[in-house]
Amino acid sequence: AEARTAIEWNGTGNTSDGHRVKVLGNVGSATDAKAAADAGAEGVGLFRTEFCYLDAPAEPTVSEQLASYTAVLKPFRGKPVIVRTLDAGADKPLQFLSPDAEPNPALGVRGLRIAFDRPDVLDRQLEAIAGAAEDSGAEVSVMAPMVATAEEAAWFADRVRAAGIPRAGVMIEIPAAALVAQEILGVVDFVSIGTNDLAQYTFAADRQLGAVAKLNDPWQPALLRLIGLIGRAAKVTGKPAGVCGEAAADPQLALVLAGLGLTSLSMNAPAVRSVGASLASVTYKQCEAAAQAALAAADPASARAAVKAAL
Ligand code: PEP
Ligand code: MG
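Using the UniProt record's numbering, read the sequence shown as starting at 235 and increasing by one per residue.
Structure (structure tokens):
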């Protein structure tokens with residue numbers, strides 16, 4: 235059935251009645267970008283720039299960064315690409331940027347928090363991204379990881395715009411940010427939900443620890459309710475809100491996320507076709523019904539069963 239519906243997907247991320255949900259790729263290298271483009275991704279919803287430098291002993295120069303980013307953006311000339319600024323720390327340490335040993339690295343100075351101490355590193359990266367946008371012809375937006383407050387989001391957006399990049403957004407992956415999504419959308423152009431970290435911080439359960447993996451299930455109704463708040467904020471403000479965590483790669487959960495009001499889903503290349511086909515097989519009303527069923531469930535297993543029944 236999967237193969238049949240995949241053939242029916244028209245590649246534009248629409249439900250059968252024409253509701254737009256962009257299907258985008260998650261990438262960390264030029265190879266990933268080519269795979270995402272070949273899979274039919276309409277653009278890139280998450281370019282993890284730190285993946286370019288996991289082994290770098292020193293900060294790459296602006297021209298080195300410009301060259302790496304251009305190589306990733308090239309397959310998406312004329313298409314939207316969201317470049318995430320360096321998300322160093324915790325599960326993704328960078329030798330040249332990670333803070334000294336901390337007792338709880340996931341709760342420490344990571345992601346955008348590093349930029350408050352080192353705005354020079356952020357500004358050099360933004361300069362490289364602006365150059366790569368020009369060289370590649372991609373429609374580039376920039377977003378920050380690990381944002382906790384609207385004040386942090388505003389600080390970031392000002393720096394992005396000062397670098398000549400017209401669209402600035404932030405990730406929502408801390409529960410506090412989800413709770414003030416409307417205020418955050420008041421100061422940025424879009425948000426993108428990182429469900430991997432949002433689940434980790436909502437359940438206080440390490441995303442790398444198998445022993446607590448049950449709590450990190452993206453079908454957990456508590457997580458879905460938090461995501462629903464962000465979907466509502468997107469509707470109220472009329473601004474885009476996407477999902478770029480693993481949750482978006484699940485073809486059934488993708489329908490729930492669309493029904494919660496999210497406007498794009500970004501995933502690794504192998505999931506692009508099946509998520510696109512899943513969206514194309516339902517109406518938007520069915521997505522909304524799936525969302526209501528999942529929100530009302532008591533646990534992940536019942537949420538999965540309720541969504542199946544609602545469809
Ligand atoms: C996330 O946290 O869901 C996310 C997309 O970012 P990363 O997995 O890179 O932390
Ligand atoms: Mg994250």
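Positions of the beta carbon are idealized from the N, C-alpha and C atoms, including for glycine.
Distance, residue j Cα to residue i Cα
i	j	result
GLY510	SER302	29 Å
GLN454	ALA483	16 Å
ALA532	ALA481	18 Å
ALA290	PRO327	11 Å
GLN434	ILE348	20 Å
SER297	ALA362	7 Å
VAL414	ARG459	14 Å
THR383	ALA410	7 Å
GLY448	ALA378	Per the sequence shown, residue 448 should be read as Lys rather than Gly. Distance between the alpha carbons of LYS448 and ALA378: 28 Å.
LEU307	ALA269	12 Å
ALA412	ILE461	7 Å
LEU432	ILE408	5 Å
ALA530	ARG538	11 Å
ALA322	PHE437	22 Å
PRO400	ASN450	35 Å
THR283	THR319	6 Å
VAL374	ALA468	20 Å
GLN526	ASP369	44 Å
GLU522	ASP354	44 Å
GLU385	VAL394	14 Å
PRO294	ARG352	15 Å
GLN299	ARG441	29 Å
ASP251	GLN359	41 Å
THR265	GLY279	16 Å
With 16 other Cβ atoms within 10 Å as the buried cut-off, status of residue i
i	result
THR249	buried
GLN329	exposed
LEU341	exposed
GLY428	buried
ALA391	buried
ARG238	The pLDDT assigned to ARG238 is 48, lower than 50, so where the model puts this residue is not dependable; a value taken from the coordinates is nonetheless given after this. It counts as exposed.
LEU288	exposed
PHE281	buried
ASP272	exposed
LYS542	exposed
PRO309	buried
residue 204	Residue 204 cannot be examined here, being either before or after the span of the chain that is shown, 235 to 545.
Contact under 8 Å by Cβ, residue i with residue j
i	j	result
ALA456	GLY465	no
ALA388	ALA364	no
LEU499	VAL257	yes
ILE316	GLY420	no
VAL506	ALA275	yes
GLY259	ALA514	no
PRO534	SER512	no
VAL255	GLY247	yes
Residue nearest to residue i in terms of C-alpha spacing, selected from the options
i	options	result
ARG311	ALA540, ALA366, PHE437 and LYS542	ALA366
VAL422	VAL376, LEU496 and VAL306	VAL376
ALA324	ARG393, ALA528, LEU443 and SER426	LEU443
VAL490	THR517, ASP357 and VAL374	THR517
GLY493	VAL477, ALA503, SER508 and LEU280	VAL477
SER426	PRO337, VAL381, ALA543 and ASP357	VAL381
GLY479	CYS286, ARG352 and VAL261	VAL261
LEU463	PHE350, LEU496, SER515 and ASP440	LEU496
PHE424	ALA439, ILE406 and ASP334	ILE406
GLY277	ALA514, ASP251 and PRO314	PRO314
PRO452	GLY472, ALA528, GLN520 and ALA445	ALA528
ALA372	SER515, GLN359, ALA267 and ALA488	ALA267
MET501	LYS473, ALA292, ASN430 and SER536	ASN430
VAL470	VAL343, SER508, GLN416 and PRO333	GLN416
Closer than 8 Å to chain D by CB, residue i
i	result
ARG393	The structure shown contains no chain D; it is built from a single protein chain.
**OP:** Under 5 Å from any heavy atom of the ligand MG, by CB: list those residues in chain order, please.
**Re:** GLU407, GLY428 and ASP431
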